[in-house]
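J.:
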Amino acid sequence: MSIAIAMVLVVVGSILFHVLSPWRATPIASNWGFIDDTMGLTFLVTGAGFVAVILFMAYCLYRFRHVPGRRAAYEPENQKLEAWLGIVTTIAVIILLAPGLLVWGQFITVPKEAMVIEAVGVQWSWSFRLPGADNQLGSSDVRYIDTTNSMGLSPADPKGQDDLLIASSELHLPIGKPVKVLLRSIDVLHDFYVPEIRAKMDLVPGVVTYFWFTPTKIGEYEILCAAYCGTGHPQMRGKMVIESEADFETWRTAQQTFEQSRKSDASRDKRASAQ
Amino acid sequence: MTDASVPQNVAPPPAEVPDVDLYHAHSWITKYVFSQDAKVIAIQYAGTAITVGILALVLSWVIRLQLAFPGAIPFIDANVYYQSVTMHGMIMVVYMLTAIFLGGFGNYLIPLMVGARDMVFPYVNMLSYWVYLIATLVLVSSYFFPGGPTGAGWTLYPPQSILTGTPGHEYGIILMLVSLILFIVGFTMGGLNYVVTVLQARTRGMTLMRMPLTVWGIFAAAVMALLAFPGLFVACLMLLLDRTLGTSFFMPSLVELGERKDYVGGSPILFQHLFWFFGHPEVYIVALPAFGIVSDLISVHARKNIFGYKMMVWAIIAIGVLSMVVWGHHMYISGMDPWFGFFFAVTTLAIAVPTALKVYNWVLTLWHADIHFTTPMLFALGFLVTFVNGGITGLYLGNVIVDVPLSATLFVVAHFHMVMGIAPVLVIFGAIYHWYPKITGRMMDERLGKIHFWITFLGAYAIFFPMHYLGVLGMPRRFYEMGETAFVPASAATLNIVITVIALAVGFAQSIFFYNLFKSLKYGAPAGGNPWRAASLEWQTPETPPGHGNWGQQLPVVYRWPYAYSVPGAPEDYLPQNAPPMRGEHSP
Chain B
603 MSIAIAMVLV VVGSILFHVL SPWRATPIAS NWGFIDDTMG LTFLVTGAGF VAVILFMAYC
663 LYRFRHVPGR RAAYEPENQK LEAWLGIVTT IAVIILLAPG LLVWGQFITV PKEAMVIEAV
723 GVQWSWSFRL PGADNQLGSS DVRYIDTTNS MGLSPADPKG QDDLLIASSE LHLPIGKPVK
783 VLLRSIDVLH DFYVPEIRAK MDLVPGVVTY FWFTPTKIGE YEILCAAYCG TGHPQMRGKM
843 VIESEADFET WRTAQQTFEQ SRKSDASRDK RASAQ
Chain U
-3 MTDASVPQNV APPPAEVPDV DLYHAHSWIT KYVFSQDAKV IAIQYAGTAI TVGILALVLS
57 WVIRLQLAFP GAIPFIDANV YYQSVTMHGM IMVVYMLTAI FLGGFGNYLI PLMVGARDMV
117 FPYVNMLSYW VYLIATLVLV SSYFFPGGPT GAGWTLYPPQ SILTGTPGHE YGIILMLVSL
177 ILFIVGFTMG GLNYVVTVLQ ARTRGMTLMR MPLTVWGIFA AAVMALLAFP GLFVACLMLL
237 LDRTLGTSFF MPSLVELGER KDYVGGSPIL FQHLFWFFGH PEVYIVALPA FGIVSDLISV
297 HARKNIFGYK MMVWAIIAIG VLSMVVWGHH MYISGMDPWF GFFFAVTTLA IAVPTALKVY
357 NWVLTLWHAD IHFTTPMLFA LGFLVTFVNG GITGLYLGNV IVDVPLSATL FVVAHFHMVM
417 GIAPVLVIFG AIYHWYPKIT GRMMDERLGK IHFWITFLGA YAIFFPMHYL GVLGMPRRFY
477 EMGETAFVPA SAATLNIVIT VIALAVGFAQ SIFFYNLFKS LKYGAPAGGN PWRAASLEWQ
537 TPETPPGHGN WGQQLPVVYR WPYAYSVPGA PEDYLPQNAP PMRGEHSP
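Residue numbers (the working numbering), protein chains in the order written: chain B, 603 to 877; chain U, -3 to 584.
(1) Run through DSSP, which three-state label would residue 327 (chain U) get?
(2) With DSSP collapsed to three states, give me the class of residue 571 (chain U).
(3) What does residue 589 (chain U) touch in chain B if you count any residue whose Cβ is under 9 angstroms from its own?
(4) Does residue 849 (chain B) get closer than 8 angstroms to chain U when you measure Cβ to Cβ?
(5) Listed from N- to C-terminal order along the chain, which residues in the region 617 to 649 of chain B have their beta-carbon within a distance smaller than 7 angstroms of any beta-carbon of chain U?
(6) Applying a beta-carbon distance threshold of less than 9 angstroms, which residues of chain B neighbour residue 70 (chain U)?
(7) Comparing alpha-carbon positions, which option in U:155, U:333 and U:506 lies nearest residue 812 (chain B)?
(8) With H, G and I counted as helix, E and B as strand and the rest as coil, what does DSSP make of residue 430 (chain U)?
(9) Compute the distance between the beta-carbons of residue 419 (chain U) and residue 445 (chain U), then report whether it is under 8 angstroms.
(10) Which of helix, strand or coil does DSSP assign to residue 442 (chain U)?
(11) Extract the residue ranges of the beta strand (DSSP E) inside the region 767 to 835 of chain B, only unbroken runs of 3 or more that lie entirely within it.
(12) State the Cα-Cα distance for the pair residue 757 (chain B) and residue 765 (chain B), rounded to the nearest angstrom.
(13) Anyone know if the C-beta pair for residue 124 (chain U) and residue 186 (chain U) falls short of 8 angstroms?
(14) Pick from B:791, B:841, B:833 and B:806: whose alpha carbon is nearest that of residue 773 (chain B)?
(15) DSSP state of residue 712 (chain B), grouped into three classes?
(16) Would you kindly work out how many angstroms separate the C-alpha atoms of residue 247 (chain U) and residue 235 (chain U), rounded to a whole number?
(17) Would you say residue 745 (chain B) reaches chain U, if we count a Cβ-Cβ gap shorter than 8 angstroms as a contact?
(18) Could you tell me whether the Cβ of residue 854 (chain B) comes closer than 8 angstroms to any Cβ of chain U?
(19) Under the three-state reduction of DSSP, which class applies to residue 722 (chain B): helix, strand or coil?
(20) Please identify, using Cβ separations under 9 angstroms, the residues of the region 224 to 251 of chain U that lie next to chain B, in order along the chain.
(21) Please report the straight-line C-alpha distance between residue 684 (chain B) and residue 304 (chain U), rounded to a whole angstrom.
(22) At a CB-CB cut-off below 8 angstroms, which residues of chain B make contact with residue 365 (chain U)?
(23) By the three-class DSSP mapping on this structure, what secondary structure does residue 172 (chain U) have?
(24) With a floor of 4 residues, list each alpha helix (DSSP H) that falls wholly inside the region 323 to 371 of chain U, ordered by position along the chain.
(25) DSSP three-state label for residue 308 (chain U), please.
(26) Counting only runs that start and end within the region 456 to 531 of chain U, where is the alpha helix (DSSP H) found for 4 or more residues in a row?
(27) Using the Cα positions of residue 865 (chain B) and residue 750 (chain B), report the straight-line distance between them to the nearest angstrom.
(28) I'd like to know whether the C-beta atoms of residue 132 (chain U) and residue 172 (chain U) end up nearer to each other than 8 angstroms.
(29) What are the boundary residues of the beta strand (DSSP E) that includes residue 731 (chain B)?
(30) Just curious, the beta strand (DSSP E) that residue 844 (chain B) is in, first and last residue?
(31) Please decide whether residue 835 (chain B) counts as near chain U, where near means a Cβ-Cβ distance under 8 angstroms.
(32) Please list, in chain order, the chain B residues whose beta carbon lies closer than 9 angstroms to that of residue 569 (chain U).
(33) Does residue 278 (chain U) pass the burial test, meaning 16 or more other C-beta atoms within 10 Å, or should it be called exposed?
(34) Starting from residue 398 (chain U), find everything on chain B with Cβ-Cβ shorter than 8 angstroms and list it in chain order.
(35) So is residue 59 (chain U) buried or exposed if we call it buried at 16+ other beta carbons inside 10 Å?
(36) Using C-beta distances below 8 angstroms, list every residue in its chain close to residue 663 (chain B), excluding the 5 sequence neighbours before and after it, in chain order.
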């Protein structure tokens, strides 16, 4: 008996918690509003199912509780009812799945005009690379990594010489332009995660993965790692700054190219050996 | 008027071939230690699983204390935190839940429920337990090696799991992999036994479609485990070789903390495929026995046949088959080919249909029933609430695009704890309260049982329901400390403290259960052979607890399904499976 009351309270409590909870998704800062919409739809459909099933059960528990003299009915099955329930559930599942798959189709279709940048993960920090004047990223491989080439760019690849290297863990992006983020790890699995963007993707050593989004809100956002990568995992942070096109250009022109960084490293080494 | 299809007054042929005989124990050691009796092996399995489960419970307190009071407890550093997360997860999923459902309930209930004298391979069955025990000891021994147990997360993803940035990379990871390999060897021996016993050793009249759903659930889970564990087996073996001999099955060229490693050409994603090829079926290896048991608990204590038995059996089979082709939903953001997303989202959401049908049938069993709110029934009902709640959040995580923002957050942690942590554990408790009288001959204390239920059910729901919302907020899992993070408000830390306080209380409240368990051994009311007035075969043994060989001189003969409750015209509200047919009876 008290279990019937408890179930009603669980349902009411869960709905109240959902409505009153201060813990909600962060304000979205990308084009992926459809993801939020699909999730909202899922909340409605599944929430209705949860409430219906548990309240029906609570009613049964109250109505058919044992009292002296009660005897249960004998009904092994009711195929018509079972078929109907199967059909209704299938329809509900399709209602959830269809929009989900449509949005997934968008998620994996990168716009042609997307600006390509690269995020590189290493235990436990982020660095970034933007294409230079040729608008192309040069090739890379872990075998090129040394103290003056922490991202492992190919020294012989002409496309890579003008690439802009950002070692400061701070990535700037212009608002309103689609970005394809290439993801590369040089040690273990990481995951590029900015909650406000909604999208995230693993970095896998040995392959280059990617995802895309369009920033829609000016501001500063924290980049976290969402794939456990060892004891320093929570400290692996970066900053993503979404700004106007003009501010972005100012920032970009201040960055060092691969060629410049090699030269300045070489001259620093020379000074060090002269002393 | 007599029904021609039911033979009247004709003695059935003997159910047993005379030359079958069991190994009879001659000493205390062979009777209770190196025992070949499935019932003793069951208790050994369950005892070991519960013991190691208590360790996992204590580890969960370490995790919760750190999340609520980061840095405040001196002995919990990042290493200890990640080691606790890893050991808690692996112990609960493999060494506790899998072992207790298949090795514990499977061993105890399969022979009794299908009318067999024992498992078909008693010696192999004994070996299964001892290898499992060794596997468990190897795992726990990692606490005594330099560097301690592995802190790689229970998923053990390379390259991180075998590199120096992860605690336990010296010995812990090796012991973990060796232990898992041993576990699978031990399980395979037991699993073959469960499957063959169900197929070969059923008594006369016990057709497949007259088996209790408990047996169906355990049988399907054992088949799945025999197919899925080899995936984990090769993954562990190859990772062990990568770690010890420097092979490159899963290790690509990489630079670790500035040092170039010799690995070349391996694929970290391949490991994930192998791991989840095991890992997802594993969820159902735990869930299907729970589904079966809960069906029987509800039916017995509601005095009504399970609604839609045939549908329940087919749903178990459909879930078993589908669950072998959904593993990719753990890898939507792993960097695998994104086109897989379409396939795995469709298969994953398709599983919702047979699963939902099972839920409907459990609930419909209550319709026009005669519901007794016994402790086992309360736990079964608690399971329904937590399972429905945890099941529907699976629709978020299975629907590939909705998974993208939620994956790797506390939403996932809340989901799987609700659906495959709390829900199966509630079933385990319900099952223990239900079958304890058969196992010991005494009843457990109902009052203590109910106190235990209320604290555990409401407490567990209060722990994991709010946790979903921290995940929606975006709080990542596997963070030793959140630190200063702009999007996380101070209230999230408060909620974490509340959750931790409840978790500690619910954890300590389990002592009520253990007190009841041991006290009732001696002081429990004598149960008699069939205290719940249940129809299935295990309650019809000549002795309680059942002796070696289960059935005395003669095997029972089965005349009907195990759900003959409140049959019209029957003198009582249940008809045992082995009671001779009533005049004009049409039971399935």
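Backbone N, C-alpha and C define an ideal beta-carbon position, used for all residues, glycine too.
T.: Walking through what the data contain:
(1) In the structure shown, residue 327 (chain U) sits in coil (DSSP, three-state: anything other than H, G, I, E or B).
(2) coil
(3) As displayed, chain U neither begins before -3 nor continues past 584, which places residue 589 (chain U) out of reach and without an answer.
(4) no
(5) Answer in chain order: 619, 623, 624, 625, 626, 627, 628, 637, 640, 641, 644 and 648.
(6) Within chain B, no residue has its beta carbon less than 9 angstroms from that of residue 70 (chain U); the closest one is some 17 angstroms off.
(7) U:333
(8) helix
(9) For the pair residue 419 (chain U) and residue 445 (chain U), the CB atoms are not nearer than the 8 angstroms cut-off.
(10) helix
(11) 772 to 776, 781 to 787, 792 to 795, 802 to 805, 811 to 815 and 821 to 827
(12) C-alpha separation (whole angstroms): 11 angstroms.
(13) yes
(14) B:841
(15) coil
(16) 9 angstroms
(17) yes
(18) no
(19) For residue 722 (chain B), the secondary structure class from DSSP, reduced to helix, strand or coil, is strand.
(20) 247, 248, 249, 250 and 251
(21) 8 angstroms
(22) 662, 666, 674 and 675
(23) helix
(24) List check, alpha helix (DSSP H) in window: 336 to 361.
(25) helix
(26) Listed in chain order, the complete alpha helix (DSSP H) runs (minimum 4 residues) inside the region 456 to 531 of chain U are 486 to 519.
(27) 10 angstroms
(28) no
(29) 727 to 732
(30) 840 to 845
(31) yes
(32) 673 and 674
(33) So residue 278 (chain U) counts as buried.
(34) In chain order, 637, 640, 641, 644 and 702 make up the part of chain B whose C-beta sits under 8 angstroms from the C-beta of residue 398 (chain U).
(35) buried
(36) 603, 605, 606 and 609
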